[in-house]
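From first to last, the protein sequence lines stand for chains A and B.
So the first sequence is residues 119 to 842, counted in the working numbering.
So the second sequence is residues 119 to 842, counted in the working numbering.
All residues carry an ideal CB built from backbone N, CA and C; glycine is no exception.
For reference, the structure is listed below as structure tokens.
Protein chains: 2
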Amino acid sequence: MREPRQDPGGTFFEGVSLVNLMILTPIAAVLALGFVVFTIFKVLKFPEGSAEVRSIAAKIRQGANAFIRRQYTVVAWFFAVMLVILCVMSAVGFLTWFVPFAFVTGGFFSALSGFVGMKLATAANSRTATACKDSLNKGLRVSFSAGSVMGFTVVGLGLLDLAIWYYLLHYVFKLGIAEVTAAMLTFGMGASSMALFARVGGGIFTKAADVGADLVGKVEAGIPEDDPRNPAVIADNVGDNVGDVAGMGADLYESYVGAIVASCALGVAAFPQFNDTPGSPAVTIPMAMAGIGVIVTIIASFLIRTKENATQKALLSALRRGTNFSAIAIAVAAFPLVWFMLGREHIGIYGAVISGLLAGVGIAFFTEYYTSDNYKPTRAVADATKTGTATLMIEGLSLGMMSTAVPILLVCASILVSYFASGGASNPGLGLYGIGISAVGMLSTLGLTLANDSYGPVADNAGGIAEMAKMDPEVRQRTDALDSLGNTTAAVGKGFAIGAGALTALALIAAYIDRIEVLVADIAANTNPDFEFFLDLRIDNPTVLVGLFIGSMLPFLFTAMTMKSVGRAAQAIVVEVRRQFREITGLMEGKAEADYARCVDLCTRSALREMILPTLLAIAAPIVTGLILGPNGVIGLLMGCTASGFMMAIMTANSGGAWDNAKKYIEAGNHGGKGSDAHKAAVVGDTVGDPLKDTCGPSIDILLKLSSMVSIVFAALVLTFHIF
Amino acid sequence: MREPRQDPGGTFFEGVSLVNLMILTPIAAVLALGFVVFTIFKVLKFPEGSAEVRSIAAKIRQGANAFIRRQYTVVAWFFAVMLVILCVMSAVGFLTWFVPFAFVTGGFFSALSGFVGMKLATAANSRTATACKDSLNKGLRVSFSAGSVMGFTVVGLGLLDLAIWYYLLHYVFKLGIAEVTAAMLTFGMGASSMALFARVGGGIFTKAADVGADLVGKVEAGIPEDDPRNPAVIADNVGDNVGDVAGMGADLYESYVGAIVASCALGVAAFPQFNDTPGSPAVTIPMAMAGIGVIVTIIASFLIRTKENATQKALLSALRRGTNFSAIAIAVAAFPLVWFMLGREHIGIYGAVISGLLAGVGIAFFTEYYTSDNYKPTRAVADATKTGTATLMIEGLSLGMMSTAVPILLVCASILVSYFASGGASNPGLGLYGIGISAVGMLSTLGLTLANDSYGPVADNAGGIAEMAKMDPEVRQRTDALDSLGNTTAAVGKGFAIGAGALTALALIAAYIDRIEVLVADIAANTNPDFEFFLDLRIDNPTVLVGLFIGSMLPFLFTAMTMKSVGRAAQAIVVEVRRQFREITGLMEGKAEADYARCVDLCTRSALREMILPTLLAIAAPIVTGLILGPNGVIGLLMGCTASGFMMAIMTANSGGAWDNAKKYIEAGNHGGKGSDAHKAAVVGDTVGDPLKDTCGPSIDILLKLSSMVSIVFAALVLTFHIF
């Protein structure tokens with residue numbers, strides 16, 4: 119049994135008058151969405167290009183729209199079934215009636231984030247290709263603007279959803295702050311479910327197309343990437359949009375919202391004395407900090423300007439300038455926020471914000487170190503091609519495994535600093551709140567990080583269009599430069615997301631523990647006076663231990679399932695592409711057109727079929743484990759899943775990133791360049807790494823949080839019925 | 119703070135008179151060693167073969183002896199340094215004076231187990247090759263006898279060491295049973311340290327030689343395996359002996375002894391009322407059960423007979439018959455043992471024995487399912503070669519990850535059954551004792567399992583000799599049949615070892631927790647009356663949590679280090695073999711002899727250099743973590759390391775096994791057979807899998823236990839000095 123929360127003490131005279139800072143949340147949401155509309159118009163003003171470019175872009179757009187429509191139909195069925203289940207649970211009293219609807223809105227906004235981003239990405243790809251005819255800088259402007267739309271749609275819709283529910287429940291339905299945060303946690307579950315479908319489905323689509331196209335096109339037929347003769351080439355470009363853009367949007371929406379609601383819930387538990395004041399400073403801090411983050415990053419995105427003839431290095435440093443400005447501005451703004459909200463005795467919580475920001479920066483740096491070909495590790499992977507594919511595989515796998523060490527140590531340092539600086543030694547609740555706040559700190563610059571992240575796929579698509587439309591080779595060189603820059607910033611963004619994901623998962627686990635304690639008291643007071651349940655979270659309690667083991671296994675099983683899905687889907691593409699090469703006469707000579715639509719359709723069907731099982735696993739595992747082992751086992755499971763999931767996510771991201779960049783390094787003319795044996799080996803490495811880094815890794819990150827949120831929503835059920 | 123151990127209750131009238139069953143331990147030790155001597159003479163009676171065979175065998179023997187001599191010299195330095203450190207710690211009162219010497223004997227006997235096994239293996243390889251000239255069955259008899267020597271040396275020396283220390287400390291030095299088991303735990307640490315050196319050093323040697331030889335020989339030069347023109351071929355054969363035989367012997371010695379001493383220590387904690395009787399029934403049970411296991415398996419090994427012209431299937435079923443007989447005999451014998459020792463109220467502990475045996479059988483079956491080419495998973499890996507190396511890699515990796523699910527669920531079931539059947543619900547101490555007993559149950563048939571495990575390398579070597587001595591192709595076919603049979607039984611044995619390793623690691627963690635509790639009481643009573651320390655093992659305590667994260671990372675880091683070591687060492691071999699092909703004129707035409715010794719020397723130097731760092735990591739990590747995070751953090755670390763280490767061990771073993779057998783499946787004529795593109799891809803898969811399954815995986819298994827034992831030995835230091 120956990121120690122009862124102590125009164126954190128301290129006066130609160132400064133706080134009450136500032137509770138209105140909560141208003142920053144809807145303001146920031148409106149600003150972000152306004153900035154999105156402004157940017158959309160900016161992008162659409164650029165010319166779309168020649169008729170050929172437009173025709174190719176239209177094919178990509180149609181494929182992407184068709185996939186998204188069919189995917190959202192499948193997901194809608196899932197949400198309908200879950201809505202029924204949740205309504206039944208509400209009817210029998212396991213949940214309040216807000217939960218089912220909060221769940222649905224979370225899913226809806228998450229889907230909308232992905233949809234808007236994808237819509238714009240499929241409009242910006244042709245414009246980026248056309249802009250690259252003029253200059254690199256112009257190309258960056260278009261693609262980065264498209265990325266910004268994605269980034270600020272995510273944060274804007276996230277804050278809007280949070281604000282609406284907060285004001286609605288608190289001021290219209292007059293719920294207490296504890297019930298408000300509990301209901302808000304369940305829209306996190308909706309967002310996570312949607313995100314997992316989007317990531318897994320989109321990830322399988324994009325990597326099946328990519329791997330399938332490469333295996334037959336590059337390796338067997340010896341034609342270049344994005345060659346229009348390859349029947350899978352449109353599917354490959356569709357994949358960039360539905361996986362890397364729409365999938366990532368839904369994913370980061372979930373991370374962002376999850377971190378904020380988890381912190382709010384922990385704030386309620388840590389500062390029970392504020393729970394009767396209208397709004398609580400402990401809840402206001404994460405919400406307001408997110409709002410400040412949005413405002414700061416909008417300003418920062420105006421700072422990212424370069425001269426017309428800027429080099430790639432200058433571009434990168436412009437991006438860095440924007441990120442650094444945001445981080446520093448948030449560090450400055452958070453200090454008065456914490457001080458005036460919670461008083462001087464809780465200023466230690468500011469330490470949590472700083473430790474989160476610093477850990478994020480540190481993880482980003484080490485991700486770059488391990489995956490950029492400017493540093494030793496990726497160079498060593500490239501060198502290993504000299505002794506063949508086998509040593510390349512060994513080197514890449516071990517790089518990924520080794521690269522888990524520093525990020526986990528940074529996260530551990532951040533946990534210890536956040537916990538103890540926030541006063542966890544005397545009051546565990548405060549310490550856990552600190553961990554949540556550090557995750558919010560890490561994610562507060564998300565708008566910008568995500569913009570950095572998502573212009574890469576747009577540039578990648580632009581390159582594809584340039585190749586297919588046989589534009590000037592200089593255009594392709596420029597889009598490649600943008601794409602390569604995007605690869606580095608994307609890897610960095612991924613590291614950030616995984617770090618924040620781990621901290622968020624921990625905050626959610628803490629929220630789950632609180633939830634169980636509240637429920638136990640609630641059931642004993644209202645329903646069944648004889649009801650008794652004791653949390654026994656000792657790690658040597660066998661139910662905790664067994665849960666821990668099962669949880670540690672889940673990311674392995676999950677990775678295996680998603681990898682196999684990509685493998686299966688890719689093999690189907692290989693067979694189809696080979697068939698078209700064989701059966702369509704004149705295709706290889708460029709006299710006949712390939713049947714692109716069939717490959718798109720094949721990818722769509724594979725992705726939709728294969729995305730179901732992993733998602734159900736993520737949802738069912740904590741419920742089934744809970745019904746057998748009880749809440750103690752669930753907590754063990756969540757911890758084990760977070761610990762081993764973090765390692766698997768980092769390992770897959772960095773092995774994949776290093777293989778990809780080792781290939782690019784060789785293509786740049788090292789170790790014999792394109793066409794050499796070293797290059798052939800590197801293509802194999804890249805092909806293995808692709809599903810790891812773009813399907814499995816990012817999905818694991820969602821898995822961690824989804825399983826926590828599912829546990830929270832089904833807490834009452836598990837508490838009532840369990841075997842051990 | 120853990121609940122105080124309750125009095126387990128129950129009468130003990132039956133027990134006292136039976137304590138003498140402890141005598142079974144030295145009796146079984148003597149029987150086992152007698153059986154070893156008998157079997158050695160049996161093997162040596164077989165003819166060694168022609169002059170050419172003798173000359174090749176002599177080269178292998180010399181290489182192996184040279185490596186072992188140099189390896190043991192390095193290890194001796196390590197033991198000397200540790201001896202000094204432990205003596206200093208004894209002098210300042212952190213340890214009793216028996217500990218440093220127990221540590222050294224553990225290392226000595228572990229090394230001796232490996233040494234004896236290797237000596238006989240290098241004598242039996244030529245004899246097996248020669249015997250295969252007559253018949254398959256005769257070849258099996260020689261190689262299986264050599265394997266039996268290894269198996270029964272391990273269990274014989276293990277029980278001898280245990281018996282000597284037990285009788286010495288208990289009856290000569292008149293120590294209480296609690297001090298006896300505490301000292302015995304530290305010879306486990308000696309054994310584990312030695313085992314890790316042997317496994318990592320031997321594993322790097324063997325796989326560097328194997329991978330290096332394959333990469334240049336098979337892939338580049340296109341000459342067959344074990345072709346005498348390949349300069350690395352002798353090193354490859356030396357590797358089988360120093361890695362697969364000597365390394366495995368030291369490894370399983372450690373597992374065996376570790377499980378028994380951990381159970382004894384938990385028995386002391388669970389049954390405090392017995393601690394004043396001379397010998398305790400709770401300590402007698404694991405020791406006597408191990409003794410019974412040895413006697414049963416000696417009988418069983420006489421049952422393994424086949425007709426002169428037996429098929430491979432008949433051979434396999436003969437082996438299975440022996441294993442099943444032993445398991446059933448132990449299940450039968452354990453019942454009266456538990457009943458008469460502990461009385462009817464503790465008969466539930468018998469459930470622990472059965473659950474351990476069943477889980478072992480289940481893990482063995484699923485390992486076979488995932489790694490044998492008779493079943494779907496490995497067939498699917500072989501099929502994936504049709505679309506190239508990349509899909510083969512994806513399929514194999516996902517197979518390994520997926521195969522973690524069932525074994526961990528079996529271990530979890532075994533934990534729950536052992537814990538609750540033994541009475542853990544009312545008295546956690548009894549439950550933990552049950553977990554220890556289930557590990558002993560799983561390992562009680564070790565003599566035979568290990569014999570099954572270690573005839574494979576002998577047969578492999580025999581095949582190498584047959585090839586090099588240009589014996590009749592039929593001989594090679596027979597040794598290949600033995601080798602392939604050995605592959606399956608070895609994979610099964612590996613699964614067994616990993617399962618028992620996880621249970622043993624848990625028992626050791628429980629022993630560590632007891633140790634801390636005893637030390638706290640001891641320091642407060644004798645040294646410093648103001649001393650206070652509370653174990654707070656809640657999984658949401660940040661020191662436990664951070665420990666858990668760091669522990670989960672260790673197996674990843676460790677795997678990365680050992681993999682990279684193999685990769686580096688293999689690259690050095692590749693360069694050397696290429697040099698010899700280039701510089702020694704007439705080598706490829708068979709007119710000049712390769713410089714085998716140089717490759718052996720290169721492997722030796724690489725292995726010795728590379729084995730240091732991983733071993734130091736395993737020893738330093740729990741000590742450094744302890745000095746920072748304290749005992750709570752150490753326990754988190756050990757748990758995290760056990761959970762993620764189990765997954766990594768299973769994954770590496772099964773991915774590697776499946777790739778190996780997929781290659782063999784293709785070589786048997788499927789998908790185009792030898793020389794086809796599918797075969798080339800399969801060779802790459804096997805090369806990647808080799809270090810995974812033979813270096814990394816088995817070492818992780820030792821890592822889990824070594825880190826627990828190190829924690830136990832350094833408990834007083836960590837308890838006295840730590841930051842958090």
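Less than 7 Å divides the Cβ of residue 584 of chain A from the Cβ of residue 247 of chain A. Assigned with DSSP and collapsed to three states, residue 423 of chain B falls in coil, not helix or strand.
When C-alpha distances from residue 816 of chain A are compared across A/779, A/769 and A/828, the shortest belongs to A/769. DSSP, read as helix, strand or coil, puts residue 656 of chain B in strand.
Only 653, 654, 655, 656, 657, 658, 659, 660, 661 and 662 from the segment 643-662 of chain B bring a Cβ to less than 9 Å from some Cβ of chain A. In this structure the segment 660-677 of chain B lies against the segment 758-769 of chain A, because at least three pairs of beta carbons, one per stretch, are closer than 8 Å. The alpha-carbon of residue 456 of chain A is positioned some 7 Å away from that of residue 403 of chain A.
Secondary structure of residue 635 of chain A (DSSP, three-state): helix. Leaving aside the five residues that flank residue 832 of chain A on each side, the residues in its chain whose CB is nearer than 6 Å to its CB run, in chain order, 741. Residue burial is scored here from C-beta neighbours: residue 289 of chain B has fewer than 16 other C-beta atoms within 10 angstroms and is therefore classed as exposed.
By the Cβ rule, the segment 503-522 of chain A does not count as touching the segment 587-602 of chain A, because fewer than three pairs are nearer than 8 Å. Listed by position along chain A, the residues whose Cβ is nearer than 9 Å to that of residue 512 of chain B are 329, 681, 682, 684, 685, 688, 805, 806, 809 and 810. Look at residue 840 of chain A here: in three-state DSSP terms it is coil, with no helix or strand label. Distance from the CA of residue 570 of chain A to the CA of residue 694 of chain A, rounded to the nearest whole angstrom, comes to 35 Å.
Secondary structure note for residue 717 of chain A: its alpha helix (DSSP H) is the uninterrupted segment 714-785.
For residue 692 of chain B, at least one C-beta of chain A is nearer than 7 Å to its own C-beta.
The CB of residue 479 of chain B never comes closer than 7 Å to any CB in chain A; the least such distance is about 19 Å. Note on residue 553 of chain A: 16 or more other CB atoms within 10 angstroms of its CB, so buried under the neighbour-count rule. Here residue 388 of chain B is actually not in contact with residue 529 of chain B; their C-beta atoms are around 21 Å apart, not less than 8 Å. For residue 393 of chain B, no alpha helix (DSSP H) run applies, since DSSP gives it neither H nor E. Against chain A, the CB of residue 520 of chain B has a partner CB under 7 Å away; the residue lies at that interface. Counting of Cβ neighbours within 10 angstroms places residue 399 of chain A among the buried residues, the total reaching 16 or more.
Here residue 494 of chain B carries a helix assignment [DSSP, helix/strand/coil].
Straight-line spacing of the CA atoms in residue 376 of chain A and residue 822 of chain A works out to 11 Å.
Shown here, residue 666 of chain A sits in a helix according to DSSP, grouped into three states. Contact with chain A is found for residue 530 of chain B, since one of that chain's Cβ atoms lies less than 7 Å from the residue's Cβ. Ranking A/448, A/556 and A/805 by CA distance to the CA of residue 409 of chain A puts A/448 first. According to the DSSP assignment, residue 573 of chain B belongs to the alpha helix (DSSP H) that extends over 564-586.
Excluding the 5 residues flanking it on each side, residue 139 of chain B has same chain C-beta neighbours closer than 6 Å at 402 and 406, in chain order. In this structure, the straight-line span from the alpha carbon of residue 596 of chain A to that of residue 523 of chain A is close to 36 Å.
Restricting attention to B/460, B/805 and B/563, the CA atom closest to the CA of residue 418 of chain B is found in B/563. The beta carbon of residue 489 of chain B lies closer than 7 Å to those of 496, 609, 772, 775, 776 and 779 in the same chain, with the five residues before and after it left out. Taking each of A/614, A/239, A/666 and A/252 in turn and checking the Cα distance to residue 262 of chain A, the smallest one comes out for A/239. When 7 Å is used as the limit between beta carbons, residue 666 of chain A is near these residues of chain B: 757 and 761, in chain order.
Put simply, the CB of residue 674 of chain B is near chain A, with a gap under 7 Å to one of its CB atoms. If you check the CB distance, residue 226 of chain B and residue 154 of chain B do not come in under 7 Å.
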